[in-house]
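This note's numbering puts the first residue of the sequence shown at 3, with every later residue one more than the last.
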Amino acid sequence: MADNSRPVQMQQVKVLLQKTTAIQLSDFIKACFTVFPILLSLIFSRLAIVNPPKANKFAFLFK
């Protein structure tokens, strides 16, 4: 009896892990897409404030 129940438990654990990792990954990707542009804009605005010539050099690369 114990031998039969163990693989079933392992399978349930695997399914749970797969579900949670899928949810975490999608949330992580969404967070990246929302946070990353904000961080980039902050960094570039800081660069522009601290060192305008360098910021201008980078600006033409992104046009």
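Glycine included, every Cβ here is placed at the ideal spot set by N, Cα and C.
If you draw a straight line from the C-alpha of residue i to the C-alpha of residue j, how long is it?
{"i": "Leu18", "j": "Ser47", "result": "43 Å"}
{"i": "Cys34", "j": "Ile40", "result": "10 Å"}
{"i": "Pro9", "j": "Gln26", "result": "25 Å"}
{"i": "Ser28", "j": "Gln14", "result": "21 Å"}
{"i": "Ile45", "j": "Val37", "result": "12 Å"}
{"i": "Gln11", "j": "Phe30", "result": "28 Å"}
{"i": "Leu42", "j": "Lys16", "result": "37 Å"}
Skipping 5 residues on each side, what residues in its chain have a beta carbon closer than 7 Å to that of residue i?
{"i": "Lys75", "result": "Lying before the first or after the last residue shown, residue 75 is absent from the chain, which here runs from 3 to 65."}
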